[in-house]
Amino acid sequence: MQANIDIKWGRKNRVLIAMLEGRFDGRNADAFERMLDLGIDPGDEALIMDFEHVSFMSSAGLRIGLRMAKRFGEPGKRFAVCALPESVRHIVTVSGFDKIIPIYDTQASAVEAVENG
Numbered sequence: 291m292q293a294n295i296d297i298k299w300g301r302k303n304r305v306l307i308a309m310l311e312g313r314f315d316g317r318n319a320d321a322f323e324r325m326l327d328l329g330i331d332p333g334d335e336a337l338i339m340d341f342e343h344v345s346f347m348s349s350a351g352l353r354i355g356l357r358m359a360k361r362f363g364e365p366g367k368r369f370a371v372c373a374l375p376e377s378v379r380h381i382v383t384v385s386g387f388d389k390i391i392p393i394y395d396t397q398a399s400a401v402e403a404v405e406n407g
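Heads up, the working numbering is the position in the sequence shown plus 290, with the first residue counted as 1.
Quick look at the structure:
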């Protein structure tokens, strides 16, 4: 765990799941991005970022989410986020990112959508 952040990795079928924990802000954005990069293999085609255990996310965290969305927005790849706590959902909505990043209420619904996408 670095700077009050952590990522637990899982996989359901061919979908990589990053289960995020902690507070994501400008102080730890670089560490957060490095942790994501280290957990993603070049052959991964689908990523879900699960925010269930995220207590806070600033615009720095949003930028990293947008980078992941672009990275997995290439042909043949898929990306989604899920389980946004109300405070994080508010930031995502106010920023307009909810218009460009698929958001699901649960990990299960995100996995189903990404697998069938």
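We put the beta carbon where it would ideally sit given N, CA and C, even for glycine.
- About 7 angstroms separates the beta carbon of Gly312 from that of Ser345, a gap short enough to meet the 8 angstroms contact definition.
- A check of alpha carbon separations from Val404 across Val384, Ile381, Leu328, Ala359 identifies Ala359 as the nearest.
- Excluding residues up to 5 positions away in sequence, Cys372, Ala373 lie with their Cβ nearer than 7 angstroms to the Cβ of Thr396 in the same chain.
- Closest in alpha carbon position to Ala350, among Ala400, Pro332, Glu335, Ile381, is Ile381.
- Counting along the chain, the unbroken beta strand (DSSP E) around Phe341 starts and ends at 336-347.
- For secondary structure counted as the alpha helix (DSSP H) over 4 or more consecutive residues, the stretch 365-390 holds these complete runs in sequence order: 376-385.
- Residue burial is scored here from C-beta neighbours: Leu328 has fewer than 16 other C-beta atoms within 10 angstroms and is therefore classed as exposed.
- When the five nearest sequence neighbours on each side are left out, the beta carbons in the same chain lying within less than 8 angstroms of the beta carbon of Ser399 are those of Cys372, in order along the chain.
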